[in-house]
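Protein chains: 2
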Amino acid sequence: MRHPLLVPDLRELIHAGEVSALHDFLEESHPGRVAELIEDLEPEEGEVLFRALPPRCRAEATGFLDTETQTRLVSSMTPREAADLLHLMSHDERADLVKRLDEDFVDLVLPYLAQAERDDIRSLAMYEPGTAGAVMTTDYVTLSPKITVGEALERLRYEAPDRETIYCCYVVDDKRRLIGFVSLKKLILSRRAARIEEIMQRDVISAKVDEDQEPVARTIDRYALIAIPVVDSEDKLLGIVTHDDAMDILRQEQTEDMLAFGGVSKSAEPDQESSYLEGNILDSVRRRVGWLLLLFLGGTITRYVIESFDWVDKKFPTIAFDSLIPLLIGTGGNAGSQTVGTIIRGLALGEIQPGDTWKVVLREMTTGFSLGLLLGSVGFFFTWKIHGDSPMFALVIAMAILGICVWANGVGALVPLLAKRLNIDPALVSAPLISTLVDATGLVIFYTITIILLIKIAGTG
Amino acid sequence: MRHPLLVPDLRELIHAGEVSALHDFLEESHPGRVAELIEDLEPEEGEVLFRALPPRCRAEATGFLDTETQTRLVSSMTPREAADLLHLMSHDERADLVKRLDEDFVDLVLPYLAQAERDDIRSLAMYEPGTAGAVMTTDYVTLSPKITVGEALERLRYEAPDRETIYCCYVVDDKRRLIGFVSLKKLILSRRAARIEEIMQRDVISAKVDEDQEPVARTIDRYALIAIPVVDSEDKLLGIVTHDDAMDILRQEQTEDMLAFGGVSKSAEPDQESSYLEGNILDSVRRRVGWLLLLFLGGTITRYVIESFDWVDKKFPTIAFDSLIPLLIGTGGNAGSQTVGTIIRGLALGEIQPGDTWKVVLREMTTGFSLGLLLGSVGFFFTWKIHGDSPMFALVIAMAILGICVWANGVGALVPLLAKRLNIDPALVSAPLISTLVDATGLVIFYTITIILLIKIAGTG
């Protein structure tokens, strides 16, 4: 419960049937908070609250409700009430809600809406999921270049209630082509008699309707926009994507990066992307099995590496080399994962450019060297003093750790940077991938050092 | 270069000294784009462009420049010019810029600024990094509750040029306590004669000045706000945090989660957080060595596990168990990383609640079972047909893979969920941690299955 102090008071008002007191309270609240209160109350109480809301506030609060509560409350309305609600909702949220409602119910509701609204709902639902078209809204303000600032302000006043935002106004020619942009701030600051074409900004940052949603959200972020206009291939204005949608998109994409880092592929059909507990297990298996299988097959190399160095084991029957292997390659995998995480972050924040590749790899290998020295010393001490092996064997372990740390950090830096250069999303370079890459090569490093130190130098062979 | 078509034309204008044409071009461009052009040009050309900008546009573009270019350009100005620039910049960006400039230069610049501006810069610089205070700006609009809408609009018109946003107006009493909120949209829609106190929203969503920046950004996101007011413990209004700052914060925090997932700790002193290539390697080592060492020490358990099952190896001198260990525990680590990535994402999106723990763990183990069946079959085929081992040993491998996948998925789900319950950030549960946890236990599973299948059932012992 997010509002433990408010909810008991509200319950009292609801059960006493104090509709006008409820009304007053709700009118002064942010619709997002009202939505939270509805979710926190018992379903029947929430419904009373929802019905007590002034129509416009109800439409706004609906947009903030979680999808389940939203669908439940709207489905319990009469078709006429539902149509009144849809009429007042912002166009993108309305289209999303209609998609989730029962088809039979929608068929009863739609006749109560104007033809233009039905067309709008239908056309917004048609864009391919994951594109600018699918997230844009159509309730924006357009201005003609010939009208004056005074006329524009009058128009805004008239249109404001039905617009998602009036802070960004888009100037279109008579063919609806986007030719300029004026912020409300600019309108307020300009002479009332000035024409829009005199004050508009002609360099409009816009998005294409079939563009992927992520770069669109990034553009909003980069230029600190409140909204971005969406146009078709002929520059005709079709809709806008607002800053809050951009935040949703970036949150979604960034958590997908987390999935990718864990080694899980994207869902093949993003429109069927369902929330964790609703999704089916088969889809979950499908998204993981590809990487897991590939890495498994890659991992079989370790078996051949170990077998090909079998003669080393046989040369030293008293030393249990194999018992140290998981520790050594595990450390390599850990160091590599740290590096990949660091590099992916640096790339995402723009702190690392693809041109910095060698500088970065060198830097990471230096870091790996320092970490390897520290860890190698600990390993030396452990092997010699705690586990009671010979100091020479302890030295082998220490050197192997050093070598593996340098190598793992190098690979962990190089692979995402190479991916970036090849235009592959570096976030797809997962911790499991690096671990697997480092496993087999780490073993080679271990055996090579064993051969050099124990056979060539100590000459124990 | 982000504007390959524009840059050559601009170069021509710059070298021909066509200042008025430059001026016209720049005035119609978004300041964010102007900043990119400055960065893309040669340093001397960029400086010409920067100087050709109309003052207000220059101040806005400065806020979009990367810190290095920003510092270079401003440092090359005369103190008087720099002061004029600072005067027009948004207050939060101004304070950040001053922090980065050379102290001696700042001492020359400050006397050109008004006392109030100097105080503002100083006080904004004093908030603890990472708090709402450190990211807020002070150029916002306040209104008195007693004035009329018409008066408020007049006031906005007068103040707009010097305000970061005029779309959110905050109503304060005579002690500067925040008592209400009015959007510009609401002002435009209201009767000119209405008093602010009649139309304001009294339920204002606000942040505390010493609050961590991340929850503040999340609040902006949750309620789709353009800005959030920041107050002190007495509810006095101190500043606002805008939607674009919230995006920056969330981007920063989410890439930090990526680091954490890779097993790198946060920097101990967030104010000294420097960009990747500027940071020193020692800091980088310090942030990684803790986890790496802990996991190394945890990893030493694998050695003891393998040694304690040494008698199994000895019982089957013809089978090279150890050569399969890296593959088996590697697969466990990979499956575990996939699960952690999935769970952390589900928690971040609110799709998974801590109360769902057992449901989620069961679900993940089922997924692990399916993956284990698939991978185990592949493993069986490989071991028997490709590597030429006995079918019984191939079955051991297949069963071990199955067991390890179920176990790894269970651990990968349980650990972040337990962390969440214990109020530890689940994003701190890293892929390396899960891999290490699964390594030793995976070995136990492998040897147990070997003992059951090869010794108890086949009775080869």
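Protein chains in written order, with the numbering used here: chain C, 1 to 461; chain F, 1 to 461.
Glycine is no exception: its CB is placed at the ideal position from the N, C-alpha and C atoms.
Please read these numbers as outputs of a predicted model, since none were measured by experiment.
Where the beta strand (DSSP E) through residue i begins and ends
| i | result |
| --- | --- |
| GLY180(C) | 178-183 |
| VAL415(C) | Counting along the chain, VAL415(C) falls outside any beta strand (DSSP E), though it belongs to the alpha helix (DSSP H) covering 391-421. |
| TYR170(F) | 168-172 |
| ALA464(F) | No information on residue 464(F) is available, as it lies outside the stretch 1 to 461 that chain F covers here. |
| ILE240(C) | 237-242 |
Test: residue i CB closer than 8 Å to a CB of chain C
| i | result |
| --- | --- |
| ILE397(F) | no |
| GLN201(F) | yes |
| VAL171(F) | no |
| ASP162(F) | no |
| LEU49(F) | no |
| MET258(F) | yes |
| TYR223(F) | yes |
| ALA95(F) | no |
| ASN423(F) | no |
| VAL289(F) | yes |
| ALA285(F) | Reading off the sequence, residue 285(F) comes out as Val, not Ala. With 8 Å as the cut-off, VAL285(F) counts as an interface residue toward chain C. |
| GLN213(F) | no |
| LEU418(F) | no |
C-alpha gap between residue i and residue j, whole angstroms
| i | j | result |
| --- | --- | --- |
| ILE14(F) | LEU73(F) | 17 Å |
| PRO145(F) | THR131(F) | 29 Å |
| ALA224(F) | LEU85(F) | 32 Å |
| ASP9(C) | LEU41(C) | 11 Å |
| ALA95(C) | ILE121(C) | 5 Å |
| LYS266(F) | MET258(F) | 11 Å |
| GLU28(F) | CYS57(F) | 10 Å |
| LEU189(F) | PHE181(F) | 15 Å |
| SER462(F) | GLU103(C) | The question about residue 462(F) has no answer, for chain F in this structure spans 1 to 461. |
| ASP271(C) | ILE352(F) | Because ASP271(C) sits at a pLDDT of 46, beneath the cut-off of 50, its placement in the model cannot be relied upon, and the point is left open. |
| THR242(F) | LEU88(C) | 27 Å |
| VAL141(F) | GLY239(F) | 10 Å |
Chain A contact for residue i (CB, 8 Å cutoff)
| i | result |
| --- | --- |
| ALA320(C) | You won't find chain A in this structure, because its protein chains are C and F. |
Own chain partners of residue i with C-beta closer than 7 Å, once the 5 adjacent residues on each side are dropped
| i | result |
| --- | --- |
| SER370(F) | none |
| LEU444(F) | The sequence as given places Val at residue 444(F); Leu does not occur at that position. Hits under 7 Å: VAL305. |
| SER468(C) | Because residue 468(C) is not part of the residues shown, which for chain C are 1 to 461, the question remains open. |
| ASP389(C) | THR383 |
| ILE249(C) | VAL135, GLN213, GLU214, ALA217 |
| LYS186(C) | ILE199 |
| ASP66(C) | GLU39 |
| GLY346(F) | ILE352 |
Any chain F beta carbon closer than 8 Å to residue i
| i | result |
| --- | --- |
| ALA413(C) | no |
| MET247(C) | yes |
| MET463(C) | Within the shown structure, residues of chain C are numbered from 1 to 461, placing residue 463(C) beyond reach of any answer. |
| GLY355(C) | no |
| VAL359(C) | For the sequence presented, residue 359(C) should be read as Lys rather than Val. At least one chain F Cβ lies under 8 Å of LYS359(C). |
| PRO432(C) | yes |
| THR400(C) | The question names Thr, but residue 400(C) in the sequence shown is Ala. No, because no Cβ of chain F sits closer than 8 Å to the Cβ of ALA400(C). |
| TYR465(C) | Since the displayed chain C opens at 1 and closes at 461, residue 465(C) lies outside it and no answer follows. |
| GLU307(C) | yes |
| GLY330(C) | yes |
| ASP244(C) | yes |
| TYR127(C) | no |
Close-in-space but distant-in-sequence residues of the same chain around residue i (CB under 6 Å, 5 per side omitted)
| i | result |
| --- | --- |
| LEU113(F) | ALA83 |
| ALA193(F) | THR148 |
| VAL231(F) | LEU178, SER206, LEU237 |
| LEU108(F) | PRO79 |
| GLY461(C) | Unreliable placement is indicated for GLY461(C), whose pLDDT of 47 sits below 50; the coordinate value is still reported in the next sentence. If we look at GLY461(C) and ignore the five residues flanking it on each side, its Cβ neighbours are LYS315, ILE455. |
| GLU253(F) | GLU214 |
Residue i - containing alpha helix (DSSP H), residue span
| i | result |
| --- | --- |
| ILE281(F) | 281-308 |
| TYR447(C) | 431-450 |
| ILE325(C) | 325-348 |
| LEU371(F) | 357-381 |
Cβ-based neighbour list, residue i, same chain, cut-off 8 Å, excluding 5 preceding and 5 following
| i | result |
| --- | --- |
| PRO54(C) | HIS23, LEU26, GLU27 |
| GLY410(C) | VAL361, GLU364, MET365, GLY368 |
| Against chain C: residues of the segment 55-80 of chain F by CB proximity under 9 Å | Against chain C - using a Cβ distance shorter than 9 Å - the residues of the segment 55-80 of chain F are GLY63, PHE64, ASP66.
| task | Could you name the residues of the segment 175-199 of chain C whose beta carbon sits closer than 8 Å to any beta carbon of chain F, in the order they occur along the chain? | result | Only LEU184, LYS185, ILE188, LEU189 from the segment 175-199 of chain C bring a Cβ to less than 8 Å from some Cβ of chain F.
| field | Residues of the segment 362-377 of chain C with Cβ closer than 7 Å to any Cβ of chain F, in chain order | value | Of all residues in the segment 362-377 of chain C, only ARG363, THR366, THR367, SER370, LEU371, LEU374, LEU375 place a beta-carbon less than 7 Å from a beta-carbon of chain F.
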